[in-house]
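See structure below.
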Amino acid sequence: MAGSGDAHLRHPEQTVLRGENVVVEFPMKRGAVVQAVSDVSIDVLAGETLGLVGESGCGKSTLAKAMLQLPPPTSGSVTFQGRDLTELSREELRRVRPELQVIFQDPISSLNPRRRVRDIVAESITIWGDEDGDGRQKVDRVLDTVGLDPDVVGDRYPHEFSGGQAQRICIGRALVPDPDVLVCDEPVSALDVSVQAQILNLLEDMKERYGLSMLFIAHDLGVVKNISDRVAVMYLGKLCEVANANKMYAMPAHPYTEALIAAVPSAEKIDSSMIPQGQLPSPMNPPSGCRFRTRCPRAEQRCADEEPQMRKVADDHFVACHFPNEVGDVVPGPGAALTG
Amino acid sequence: MTTIPPHPPTDGQAPLLSVRDLKVEFDSPAGTITAVDGVSFELSAGRALGVVGESGSGKTVLSRVIMNLLTVSNKLPEQGEVRFRGQNLLTTRRKQLRKLWGDDLAMVFQDPMTSLNPTMKIGPQVTEPLLLHRKISRKAARARAEELLREVGIPEPGRRLNQYPHELSGGMRQRVTIAIALACDPVLLIADEPTTALDVTVQAQILDLLDRERTDRQMGLILISHDLGVVEGRTDDVNVMYAGRVVESAPTASVFKQPRHPYTASLIGSMPKIEDPSHTRLAAIPGHPPHPLNRPSGCKYAPRCQFAQPRCIEEDPALMPPTDEETDRGTACFFPPGTDRGEEALARNRAAGYTATGLELQPAEVS
Chain A
1 MAGSGDAHLR HPEQTVLRGE NVVVEFPMKR GAVVQAVSDV SIDVLAGETL GLVGESGCGK
61 STLAKAMLQL PPPTSGSVTF QGRDLTELSR EELRRVRPEL QVIFQDPISS LNPRRRVRDI
121 VAESITIWGD EDGDGRQKVD RVLDTVGLDP DVVGDRYPHE FSGGQAQRIC IGRALVPDPD
181 VLVCDEPVSA LDVSVQAQIL NLLEDMKERY GLSMLFIAHD LGVVKNISDR VAVMYLGKLC
241 EVANANKMYA MPAHPYTEAL IAAVPSAEKI DSSMIPQGQL PSPMNPPSGC RFRTRCPRAE
301 QRCADEEPQM RKVADDHFVA CHFPNEVGDV VPGPGAALTG
Chain B
341 MTTIPPHPPT DGQAPLLSVR DLKVEFDSPA GTITAVDGVS FELSAGRALG VVGESGSGKT
401 VLSRVIMNLL TVSNKLPEQG EVRFRGQNLL TTRRKQLRKL WGDDLAMVFQ DPMTSLNPTM
461 KIGPQVTEPL LLHRKISRKA ARARAEELLR EVGIPEPGRR LNQYPHELSG GMRQRVTIAI
521 ALACDPVLLI ADEPTTALDV TVQAQILDLL DRERTDRQMG LILISHDLGV VEGRTDDVNV
581 MYAGRVVESA PTASVFKQPR HPYTASLIGS MPKIEDPSHT RLAAIPGHPP HPLNRPSGCK
641 YAPRCQFAQP RCIEEDPALM PPTDEETDRG TACFFPPGTD RGEEALARNR AAGYTATGLE
701 LQPAEVS
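Residue numbers (this note's numbering), protein chains in the order written: chain A, 1 to 340; chain B, 341 to 707.
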């Protein structure tokens, strides 16, 4: 885990968004540098939802922001619709931005408290002009689609809304410019379960209706599985495992993925021996070789000497580990018995 | 809700904690807000009680009031009683309460960054309850603090005593707050969302720790969480709260096997489950909880409930055993899911296409 490589990437022609060898570094004191994202490659197919999971500090949000050039990665390339975003000029990038929209964890703080909902949602039309001449109707239509009554909410301010409603406003705002890609950074973590379910269902509907590709970041494994077609697991700035969502949860290949799934609270008594003990090592000074080795029950000398590369273990199932679990090529279809 | 709910047998012993008809109200310019509305339950030593509910359901106010920690100026006098080993904490003088807090009664809060003092080293924060409640020298307190940190799984405890909270990770900080809470061997520990701010692997470690300490010390534990998974795996009994009330109260295993309140059933249905295939449609609950100033007069859940009948609008259901056989649990519902009455009500609503409160039902919707 915590390996490099790009065996899991699909053919560039199929992908909408593709990051290759993305590195994000932040300067620290005394000239030191911390690599928050360390040579990670991910891609998203048209109409696909890629889920990105990992513990806090693993670099999942940083990676997503680097894909959006917020800020651009230190090195590596991000290709969107055949163009490398890292090489575009400011103005060219600005013109691409409406196609790449994002929603964040705290919906209230991502809305300007001094503006009315209708103006917030219409912002992209205000900036880019009203090509079809139906700007206002479009805003109302989008508000209606995300489950808000435009006549009731249009003239109100963000503080008048609950978290779930505010997240609907954020989703509406992101949808107005008809984006190709929607990046969701922990969009339901701050919401209650019942509201979380409403928002997850809404995102699925919007994906269908607007033909979105999504990059969905969350730390909750149940949420990620529910919304994703494919899931990528990150640890300390590296990818551990990338696979079809159902396959990964049914048969995790990476010991870290296995531990994450085992740690999900449920009625069954958790097997504590599965849970990695100790703490995330400092990203300032990551372990050599495989970054998970310091907490991995299977670690051997090889894990310290050699960084595992991403390799295929089954159809649409890739892992960066020297000693992964055996996984078969069973295709669990919807409704198939899945024993996580 | 004046009926005393059914509860698991306590083997003839007096319960550690007994809450009766507790009502907590706040005065606000817009009117009186009832945060906790007639809650009753019991907890015996060594058992873990889960309290679940969404934001605003009153679970945090309930936890604070059990400790008698609420001192905000607009709080109206509480009604009902909170008996801790027979002593009513609501009428106990502050000076007496201080002797209980951190000694027999302890609490762990959600955010360890704000519940630890950022300007104090870990050492003095862990020794504080010991020096306050025990006749013990500073040196002995420090030795005990080191032992406590080791017990809660903190590596290099000696060194940690000299560190500040910001030097520790979130999981480590939460372990410190648990060590502080356990310092004087409490008989009742209230943990309010203790793992909400933490990653799953750390969450599992912290919950294991609480489990172990509860069993070893025969400590009563109230675990407040919005995460049903946490409550399912870690508690003996559960109280489900909605709009300031306990709407279902039962042994945890039975609640998850067959919820007897539509709200509980919907909460379980809206939780994304790791066993389900991806893209499983979640059974979201329509609408949102009622505003505390404008709660419906009948059942508070009726406007969102698929089972709602005319009776639910007129009458307010009390916590009662759902069937004649199930005497160990209570539900505040006239038409509990899974019972004949409930299924008839649901079938009637489905046939009509809407409930008594006008909620539209899709024929395919699962209860």
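Yeah, the Cβ is synthetic: ideal placement off N, Cα and C, and Gly gets one too.
(request) Could you tell me the distance, in whole angstroms, from the CA atom of A:Arg136 to the CA atom of A:Glu91? (result) Within the first sequence, the letter at position 136 stands for residue 136 of chain A. Within the first sequence, the letter at position 91 stands for residue 91 of chain A. Answer to the nearest angstrom: the Cα atoms are 27 angstroms apart.
(message) Looking at the ligand FAD, does it come within less than 7 angstroms of B:Leu568, judged from the CB to the closest heavy atom?
(response) As far as ligands go, the structure on display features none, and thus does not contain the ligand FAD.
(request) Please list the residues of the stretch 201-231 of chain A that have a C-beta atom closer than 8 angstroms to any C-beta atom in chain B, keeping them in chain order. (result) Asn201, Glu204, His219, Asp220, Leu221, Gly222, Val223, Lys225, Asn226, Ile227, Ser228, Asp229
(message) For a minimum of 3 consecutive residues, which ranges assigned as the beta strand (DSSP E) are wholly contained in the stretch 441-510 of chain B?
(response) Taken in chain order, the unbroken stretches of beta strand (DSSP E) that lie wholly in the stretch 441-510 of chain B and span 3 residues or more are 445-448.
(request) For the stretch 120-194 of chain A, list the alpha helix (DSSP H) runs that are entirely contained and at least 4 residues long, ordered along the chain. (result) 123-128, 135-145, 150-153, 163-175
(request) Verify the CB distance criterion: does A:Ser61 have a CB-CB separation below 8 angstroms to chain B? (result) As a first step, residue 61 of chain A must be located in the first sequence, where it is residue number 61. Cβ-Cβ to chain B under 8 angstroms: no for A:Ser61.
(message) Taking 8 angstroms as the threshold (C-beta atoms), are A:Val22 and A:Val44 in contact?
(response) Position 44 of the first sequence, counted from the start, is the residue given in the question as residue 44 of chain A. Position 22 of the first sequence, counted from the start, is the residue given in the question as residue 22 of chain A. Not a contact, by the Cβ cut-off of 8 angstroms.
(request) Return the chain-ordered list of same chain residues with a C-beta closer than 8 angstroms to the C-beta of A:Val33, the five sequence neighbours on each side being excluded. (result) Numbered from its first residue, the first sequence carries residue 33 of chain A at position 33. Closer than 8 angstroms at Cβ, skipping near neighbours: Glu25, Phe26, Pro27.
(request) Just tell me which of B:Lys475, B:Arg552, B:Thr372 has its CA closest to the CA of B:Leu529. (result) Position 189 of the second sequence, counted from the start, is the residue given in the question as residue 529 of chain B. Its Cα nearest to that of B:Leu529, the residue B:Arg552 stands out among B:Lys475, B:Arg552, B:Thr372.
(request) Work out the CA separation of B:Ala519 and B:Arg482 for me, nearest whole Å. (result) Walking along the second sequence from the start, residue 482 of chain B turns up at place 142. Walking along the second sequence from the start, residue 519 of chain B turns up at place 179. Cα-Cα distance, rounded: 13 angstroms.
(request) Could you tell me the distance, in whole angstroms, from the CA atom of A:Leu239 to the CA atom of A:Val233? (result) Against the first sequence, residue 239 of chain A aligns to sequence position 239. Against the first sequence, residue 233 of chain A aligns to sequence position 233. Each residue's alpha carbon lies about 6 angstroms from the other.
(message) Can you find the residues in the same chain that come closer than 7 angstroms, C-beta to C-beta, to B:Pro497, ignoring five residues on each side of it along the sequence?
(response) To locate residue 497 of chain B, count along the second sequence from 1; it is residue 157. Glu486, Leu489, Arg490.
(message) Any beta carbon from chain B within less than 8 angstroms of A:Arg112's own beta carbon?
(response) If you number the first sequence from 1, residue 112 of chain A lands on position 112. The sequence given here has Asn at residue 112 of chain A, not Arg. Output row for A:Asn112: interface = no.
(request) Name, in chain order, the residues that DSSP records as bridge partners for A:Gly222. (result) Taking the first residue of the first sequence as position 1, residue 222 of chain A is located at position 222. DSSP lists no partner for A:Gly222.
(message) I'd like to know whether the C-beta atoms of B:Leu568 and A:Val193 end up nearer to each other than 8 angstroms.
(response) For this step, residue 568 of chain B is matched to residue 228 along the second sequence. For this step, residue 193 of chain A is matched to residue 193 along the first sequence. In contact: B:Leu568 and A:Val193 (Cβ atoms closer than 8 angstroms).
(message) Report the CB separation of B:Thr604 from B:Gln646 in whole angstroms; it is logged as a contact under 8 angstroms.
(response) Working through the second sequence from its first residue, we reach residue 604 of chain B at position 264. Working through the second sequence from its first residue, we reach residue 646 of chain B at position 306. At roughly 13 angstroms, the Cβ-Cβ gap does not stay under 8 angstroms, so B:Thr604 and B:Gln646 are not in contact.
(request) Below 8 angstroms between beta carbons is the criterion; list the residues of the stretch 633-665 of chain B that meet it against any residue of chain D, in chain order. (result) Within the model displayed, chain D is absent; protein chains A and B are what it includes.
(request) Please go through the same chain and pick out, in chain order, the residues whose beta-carbon is closer than 8 angstroms to the beta-carbon of B:Leu686, but skip the five residues on each side of it. (result) Counting from one through the second sequence, the residue named residue 686 of chain B turns up at place 346. Taking C-beta separations shorter than 8 angstroms and ignoring five residues to either side along the sequence, the partners of B:Leu686 in its chain run Gln646, Phe647, Phe675, Pro677, Ser707, following chain order.
(message) For the pair the stretch 236-254 of chain A and the stretch 313-331 of chain A, tell me if three or more CB-CB distances fall below 8 angstroms.
(response) Judged by Cβ distances under 8 angstroms, the stretch 236-254 of chain A makes contact with the stretch 313-331 of chain A, as three or more pairs qualify.
(request) Could you name the residues that DSSP lists as bridge partners for A:His317? (result) One-based indexing of the first sequence puts residue 317 of chain A at position 317. Answer by DSSP bridge pairing, in chain order: A:Ala243, A:Ala314.
(message) Can you tell me whether A:Gln301 is buried or exposed? The criterion is at least 16 other CB atoms within 10 Å of its CB, across all chains shown.
(response) Working through the first sequence from its first residue, we reach residue 301 of chain A at position 301. Exposed, by the Cβ-count rule.
(message) Please state whether the Cβ-Cβ distance between B:Thr536 and B:Leu456 is less than 8 angstroms.
(response) Counted from its first residue, the second sequence places residue 536 of chain B at position 196. Counted from its first residue, the second sequence places residue 456 of chain B at position 116. No, Cβ-Cβ distance for B:Thr536 and B:Leu456 is not below 8 angstroms.
(message) Could you tell me the alpha carbon to alpha carbon distance between B:Val527 and B:Lys439, rounded to whole angstroms?
(response) Here residue 527 of chain B refers to the residue found at position 187 of the second sequence. Here residue 439 of chain B refers to the residue found at position 99 of the second sequence. For B:Val527 and B:Lys439, the distance between alpha carbons rounds to 13 angstroms.
(request) Please confirm if the stretch 403-412 of chain B is in contact with the stretch 578-587 of chain B, defined as three or more CB-CB distances below 8 angstroms between the two stretches. (result) no
(message) Under 7 angstroms, CB to CB, which of the residues in the stretch 666-680 of chain B have a partner in chain A?
(response) none
(message) Can you tell me whether A:Ser61 is helix, strand or coil according to DSSP?
(response) What you label residue 61 of chain A is simply residue 61 of the first sequence in a count that begins at 1. Correct three-state label for A:Ser61: helix.
(message) Please identify the residue among B:Pro417, B:Ala624, B:Glu572 whose C-alpha is closest to the C-alpha of A:Glu204.
(response) For the purposes of this step, residue 204 of chain A is taken as the residue at position 204 of the first sequence. The candidate whose alpha carbon is nearest that of A:Glu204 is B:Ala624.
(request) Compute the Euclidean distance between the alpha carbons of B:Pro602 and B:Asp525, then round it to the nearest angstrom. (result) Here residue 602 of chain B refers to the residue found at position 262 of the second sequence. Here residue 525 of chain B refers to the residue found at position 185 of the second sequence. Going from the Cα of B:Pro602 to the Cα of B:Asp525 covers about 39 angstroms.
(message) By the DSSP assignment, the beta strand (DSSP E) with B:Leu528 in it spans what residues?
(response) As a position in the second sequence, residue 528 of chain B is number 188, starting the count at 1. Here the beta strand (DSSP E) through B:Leu528 covers 528-532.
(message) Can you check whether the C-beta of B:Ala583 is within less than 8 angstroms of a C-beta belonging to chain A?
(response) Reading the second sequence from its first residue, position 243 is the one you call residue 583 of chain B. It does not: the Cβ of B:Ala583 has no partner Cβ on chain A nearer than 8 angstroms.
(message) In whole angstroms, give me the CA-to-CA distance for B:Leu547 and B:Glu507.
(response) On the second sequence, position 207 is the one that residue 547 of chain B refers to. On the second sequence, position 167 is the one that residue 507 of chain B refers to. So the two alpha carbons sit approximately 23 angstroms from each other.
(request) Would you mind stating whether A:Gln167 and A:Leu191 have Cβ atoms separated by less than 8 angstroms? (result) Here residue 167 of chain A is taken as the residue at index 167 of the first sequence, counted from 1. Here residue 191 of chain A is taken as the residue at index 191 of the first sequence, counted from 1. Yes. Within cutoff.
(message) With three or more C-beta pairs closer than 8 angstroms as the rule, is the stretch 128-144 of chain A touching the stretch 101-114 of chain A?
(response) Cβ pair count under 8 angstroms is below three, so no.
(message) Am I right that A:Ala243 and A:Phe318 are in contact with their C-beta atoms under 8 angstroms? What's the rounded C-beta distance?
(response) Sequence index remark: in the first sequence, residue 243 of chain A carries index 243 (1-based). Sequence index remark: in the first sequence, residue 318 of chain A carries index 318 (1-based). Correct: roughly 6 angstroms between the Cβ atoms.
(request) Kindly say whether B:Leu607, judged by its beta-carbon, lies nearer than 8 angstroms to any beta-carbon of chain A. (result) One-based indexing of the second sequence puts residue 607 of chain B at position 267. Closer than 8 angstroms: yes.
(request) State the CB to CB distance for the pair A:Ala7 and A:Met310, rounded to an integer number of angstroms; the pair is presumed to be in contact (CB under 8 angstroms). (result) Residue numbering aside, residue 7 of chain A sits at position 7 when the first sequence is read from its first letter. Residue numbering aside, residue 310 of chain A sits at position 310 when the first sequence is read from its first letter. Right, the Cβ-Cβ distance comes to about 5 angstroms (below 8 angstroms), so this counts as a contact.
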